[in-house]
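What follows is one structure encoded as structure tokens, with my remarks underneath.
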Amino acid sequence: MSDKPNQEQVEEEVFIFPASFAQQRLWFIEQLLPGDALYIIPLVFRLTGSLQRSHLHHSFQAIVQRHESLRTTFDVVEGQLVQVIAPEVLAPLTFTDLRERPVGDRESAALDQIWQSIQHPFQLNQGPLFRVQVWQLQDAEHLLLLALHHIIFDEWSSGVLIRELGERYAAFVEGRAIALPELPIQYADFAHWQRQWLQGEVLNGQLRYWKQQLQDIPVLDLPGSAVRPSLPSHQGASQLLELPQQLLDALEDLSQQAGVTLFMTLLAAFQALLHRYTGQTDLAIGSPIANRHRSELEGLIGFLVNSLVLRTDLSGDPSFIELLERVRDVTLAAYAHQDLPFEKLVEELQPVRNLGQNPLFQVVFALQNTPIEQLTLPGLVLSPVELETQTARFDLELYLWKCADNFRSLWGKGWQQSDGLRGVIVYNTALFSAEAIASLRQHFQTLLEGIVAHPKTPLSALPLLTPEEQQTLLQQWQNPRSSYPVEACIHQLFEAQVQQHPNAIATQFNHRAFTYQQLNQGSNQLARYLQRLGVTTEMPVGVCLERGVEAIAAMLAILKAGGAYVPFDPSYPPERLRFMVEDAGITVVLTQAEWADSLQTETTQIVCLEESWSDITQESDENLSTPCTADQLAYVIYTSGSTGTPKGVMVPHQAVVRLVCNTNYIQIEPSDRIAQVANLAFDAATFEVWGALLNGAQLVGIDRETTLSSTDFVTALETHTITILFLTTALLNQTVSHIPTAFKTLKYLLFGGEAVTVDRIRTILRCGKPQHLLHVYGPTENTTFSTWYDVQTIPENATTIPIGQAIANTQVYVLDAHLKPVPPGAIGEIYLGGDGLAKGYLNRPDLTAERFILERGAWERGHETKPSAISSAPDSPLPTPSLYKTGDRALYRTDGNLEFLGRTDHQIKIRGFRVELGEIELAIAQHPMIQTAVVVVREIDGERQLIAYIVPNQLMEPTERDLRSFLKAKLPIYMVPAAFVVLDTLPLTANGKVDQKALPLPDLSTPQITHSTAAPTTSLEAALVDLWTQLLGRSHVGIHDNFFELGGHSLLATQLVSRIRDRFQVELPLRKVFETPTIAELAQVMTTFHQATVPSAESDLPPAGVNGQASEWHQREEVEV
28 MSDKPNQEQV EEEVFIFPAS FAQQRLWFIE QLLPGDALYI IPLVFRLTGS
78 LQRSHLHHSF QAIVQRHESL RTTFDVVEGQ LVQVIAPEVL APLTFTDLRE
128 RPVGDRESAA LDQIWQSIQH PFQLNQGPLF RVQVWQLQDA EHLLLLALHH
178 IIFDEWSSGV LIRELGERYA AFVEGRAIAL PELPIQYADF AHWQRQWLQG
228 EVLNGQLRYW KQQLQDIPVL DLPGSAVRPS LPSHQGASQL LELPQQLLDA
278 LEDLSQQAGV TLFMTLLAAF QALLHRYTGQ TDLAIGSPIA NRHRSELEGL
328 IGFLVNSLVL RTDLSGDPSF IELLERVRDV TLAAYAHQDL PFEKLVEELQ
378 PVRNLGQNPL FQVVFALQNT PIEQLTLPGL VLSPVELETQ TARFDLELYL
428 WKCADNFRSL WGKGWQQSDG LRGVIVYNTA LFSAEAIASL RQHFQTLLEG
478 IVAHPKTPLS ALPLLTPEEQ QTLLQQWQNP RSSYPVEACI HQLFEAQVQQ
528 HPNAIATQFN HRAFTYQQLN QGSNQLARYL QRLGVTTEMP VGVCLERGVE
578 AIAAMLAILK AGGAYVPFDP SYPPERLRFM VEDAGITVVL TQAEWADSLQ
628 TETTQIVCLE ESWSDITQES DENLSTPCTA DQLAYVIYTS GSTGTPKGVM
678 VPHQAVVRLV CNTNYIQIEP SDRIAQVANL AFDAATFEVW GALLNGAQLV
728 GIDRETTLSS TDFVTALETH TITILFLTTA LLNQTVSHIP TAFKTLKYLL
778 FGGEAVTVDR IRTILRCGKP QHLLHVYGPT ENTTFSTWYD VQTIPENATT
828 IPIGQAIANT QVYVLDAHLK PVPPGAIGEI YLGGDGLAKG YLNRPDLTAE
878 RFILERGAWE RGHETKPSAI SSAPDSPLPT PSLYKTGDRA LYRTDGNLEF
928 LGRTDHQIKI RGFRVELGEI ELAIAQHPMI QTAVVVVREI DGERQLIAYI
978 VPNQLMEPTE RDLRSFLKAK LPIYMVPAAF VVLDTLPLTA NGKVDQKALP
1028 LPDLSTPQIT HSTAAPTTSL EAALVDLWTQ LLGRSHVGIH DNFFELGGHS
1078 LLATQLVSRI RDRFQVELPL RKVFETPTIA ELAQVMTTFH QATVPSAESD
1128 LPPAGVNGQA SEWHQREEVE V
């Protein structure tokens, strides 16, 4: 580092040098966050004793004169950031005497002023970029604040500053001279050397490694206590971590045995913790390094800290020892390539910009084991003053200190004992609650204790939960037991209601009402008729009828005959109907003449009820005495399969009885009237039909045409005095958007099946809440409903509604990929158990074995055990499996309520980011002009694109520009759909869910899809195209191209702003380039800002009138200790 940079003297007052890479990054961030004090580093000490203020001031003045960094400001010269170094700077030391205040007020007053000072930003073009302030509390007690901007200072620098301050103050007090050795280099020399060295093959070699190592780097999807805000927040807090000496000794022994450092062991453990929390096996964590591996840099004050991205592969469930080997290799390789500045890495890699997250990593880990200088001043006792953390630069930061004295000197905290590991967890309070971090802190210690005890154990089997959490997760939250007729069959309970209420109306369809007695007698006759046709125990019988009393009687009759009903939707294509008939091995189908041909196979006997009823009525109408047990098959419902082939779910009697009899989520009484809205081939009909008939209530049919007309539907609800209604979320949204008061007369409104639009539920609560508003969740494989949540209020910032807790006699577990329970707040997959489980898939032992787990002990022990296959022949009794693997992602909140996060197969990847389509749909639905929306992925020109299908409300339709601006304020840019397709209504399946296959293909000629080569339409856009082609070195630029996707980066963005200022006299905030990264958008914003800037004689700007986006965001690309 002997080469000195060329100094450019300006008016014999200052010297100008190029800024370092790190300084460029912080300066850039300051332009994005003008007025933000995020990068002020405070050091606060209590001084007890006799303070010589003049000696303190002279000491600081000497330090300022010795270190050029403390005399440096920043400016932009010809588009480049430079350091401006003044030959002399007067060290500012302000003194405040608080002794006139009451004694009890002095400390709080001083701390208030300290916080004000820390929050007061520096102007980087005006020096000095540090403050020294003293508050006198008593004659022999002072508080000292050193506040320095990070652009001239880092943690290592604090040790240099403290050491020199102590030496110089002591010399002044003792009246002796001090001769510190001259600094071999200044910070400007380092910046110059770094730029000169980092060129050619040196730069290429570093870049080759990092580009390969960080290719397709994933975003860490760390679950938070709240939804990530659309605009980043740096509000933070911290919690202390204390690990005992015994654990530290064991960790050091393990490190020595494994041939790794303590840092590597702790890093591996932290990554294992994050892996267990997220399920991700590809993790990248940032780690700061001092970047002072040359002796000339050790005594320098300045911003030298660099960041390493440590990306580790945790796939294959390795043992901790195996993980250590991987971490060692990654860490050693990273340190071998540590000289590439992080900001240069970001510039070269050009990661996709997410305004709410840091590029490349979102979590930081550091271990400090180098002794830190203690500040000692003659005649004074010094102690650091604790300042509560109020900012967080990342999502989560874990800092550990092997030396407790180091920790106390930095954080002003200590313990009775001085051994062990000390640390602090800094977290973003917009993402995490204090309770969530407290749990994470405990889980980390539990995991470390398990690691030292069993280092060769697979990561999945290492302990994570505390005994109390295990008790809560596996027992307390899993025991909503209720007493219900466990041994009874469906038809037997119906017959009991017949005895109690023979003349009560059981069903009403299209003005045809039947009493319980009439329905029972008719179904008895049909049951005997079926037995004459050969129907026996668990024999599947098809039902393909319109919704009505005949269909209900048919289902009852099949059960009474001992069989299992298999409902079919008459609107299904003939090919699909015949497939299900053949797949189920059905030999008898009850239907109507118009559908007979669609159901006919070589072995099937078709019974057309309208033609056979005269024969049926000849049978006895007395109850049958057919043997039946609760675990006997009651029905088979076909659901769509991921392979495109429908699969039949086999449900026993007991599962249905547990759903509707003496349960905890609903109390159905004989006075209730339950709407029968669902298609009988949809499992929601199970709740409707048997919820009414097994509780003596009345079942009221409402036809599909009526439900699709909001006005007619609400009229039907009122006319029939409906008290209980279940709707799919799509139908609920549709109805509420037209008639907000639609459900105010209901006793129970249950909804679920798809992602919830929170605003629609808020409308219900505001305009006409039923007595009970229940959000329910459950797959067909666990008989309709598994969880429930009684919606009373919705927090203002909520974007989803919990699915709640288990219904009675049901267990709900959130497990990781190795069947281990995850802690509250961690993401896992929902597994269901209890009395509602299906018996498996009909004739699909392979699929049953994949999704149903028989041996409860296997998963409770946490071992990955291949489940036993279940025989699914319809003519044999089947064992009930213990758990069902849903494929649904969720987390448990700390209050025991589940939060649904979407399907594991509904997550997609767009440009390296994992995207949950439901999150985009919810964001779109929050637009005041949007009624509902669905988002899908389409392949367009070989690239996966997000397409949004929207249904506007009745008042007006938003423009594409409105929607894009709205979504950019809520979502990362990569989650904003490429196109918006407006529909009058979303197509629905017969089950009331969105029919994605019926969504029209987008018109590829529309601008929002094929606008990459769009030409400028105004002179301003043409001028911007010219600027972009010069800056980006491209011959063709379209007005809808993204600046950063074309190779733009932060420094080029600053140059773009500078050239816009010079050419158009528009003072454009730098953040606007990130908020509106296309020429078309930028031109609109510039038009607005032109109003408030210096007028130009020859301006390319069009007339004002286009409003710029109002959203603000914070972008950061840095890390430090």
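Going by our numbering, the letters in the sequence shown line up with residues 28 to 1148, in that order.
Glycine included, every Cβ here is placed at the ideal spot set by N, Cα and C.
Exposure label - residue i; buried when at least 16 CB within 10 Å
i, result
"residue 1064", "buried"
"residue 862", "buried"
"residue 131", "exposed"
"residue 45", "buried"
"residue 94", "buried"
"residue 675", "buried"
"residue 622", "buried"
"residue 551", "buried"
"residue 995", "buried"
"residue 461", "exposed"
"residue 587", "buried"
"residue 238", "exposed"
Residue i versus residue j - alpha carbon distance
i, j, result
"residue 817", "residue 955", "26 Å"
"residue 746", "residue 523", "29 Å"
"residue 478", "residue 352", "14 Å"
"residue 41", "residue 113", "4 Å"
"residue 1125", "residue 55", "Low confidence applies here, because residue 1125 scores a pLDDT of 36, under 50, leaving its location unreliable; read the following figure in that light. Distance between the alpha carbons of residue 1125 and residue 55 is about 30 Å."
"residue 594", "residue 559", "21 Å"
"residue 847", "residue 795", "43 Å"
"residue 876", "residue 869", "12 Å"
"residue 619", "residue 577", "10 Å"
"residue 526", "residue 779", "34 Å"
"residue 500", "residue 592", "37 Å"
"residue 346", "residue 1112", "54 Å"
"residue 567", "residue 648", "23 Å"
"residue 185", "residue 71", "12 Å"
"residue 556", "residue 585", "10 Å"
"residue 249", "residue 236", "27 Å"
"residue 102", "residue 917", "50 Å"
"residue 739", "residue 733", "5 Å"
"residue 99", "residue 953", "48 Å"
N-terminal and C-terminal residue of the alpha helix (DSSP H) that residue i is part of
i, result
"residue 520", "517-527"
"residue 684", "680-687"
"residue 954", "Counting along the chain, residue 954 falls outside any alpha helix (DSSP H), and DSSP gives it neither H nor E."
"residue 477", "461-480"
Terminal residues of the beta strand (DSSP E) in which residue i lies
i, result
"residue 509", "Unbroken run through residue 509: none, as it is neither H nor E."
"residue 536", "532-536"
"residue 265", "263-270"
"residue 571", "567-571"
"residue 815", "814-817"
"residue 912", "910-919"
"residue 849", "Here residue 849 belongs to no beta strand (DSSP E), and DSSP marks it neither H nor E."
"residue 1062", "Counting along the chain, residue 1062 falls outside any beta strand (DSSP E), and DSSP gives it neither H nor E."
Anticipated Cβ contact below 8 Å, residue i with residue j, distance rounded
i, j, result
"residue 511", "residue 685", "6 Å"
"residue 723", "residue 687", "Wrong, their Cβ atoms sit about 12 Å apart, outside the cutoff."
Alpha helix (DSSP H) runs contained entirely in the stretch 126-172, provided each spans 4 or more residues: Under the rule that a run must span 4 or more residues, the alpha helix (DSSP H) segments found entirely inside the stretch 126-172 read 130-146.
Unbroken stretches of the beta strand (DSSP E), 3 residues or longer, contained in the stretch 300-357: Every unbroken stretch of the beta strand (DSSP E) spanning 3 or more residues and falling wholly within the stretch 300-357 is given here in chain order: 309-316 and 333-340.
Beta strand (DSSP E) runs contained entirely in the stretch 691-717, provided each spans 3 or more residues: For the stretch 691-717, whole beta strand (DSSP E) runs of length 3 or above, ordered along the chain, are 700-703.
Sequence ranges, alpha helix (DSSP H) only - wholly within the stretch 739-805, length at least 4: Counting only unbroken stretches of 4 or more residues, the alpha helix (DSSP H) elements lying wholly within the stretch 739-805 are 756-765 and 785-794, in sequence order.
Alpha helix (DSSP H) runs contained entirely in the stretch 595-683, provided each spans 4 or more residues: Fully enclosed alpha helix (DSSP H) runs of 4 or longer: 601-610, 623-626 and 636-643.
Beta strand (DSSP E) segments (min. 3 residues) lying fully within the stretch 36-123: Correct list: 41-45, 67-76, 99-104 and 107-112.
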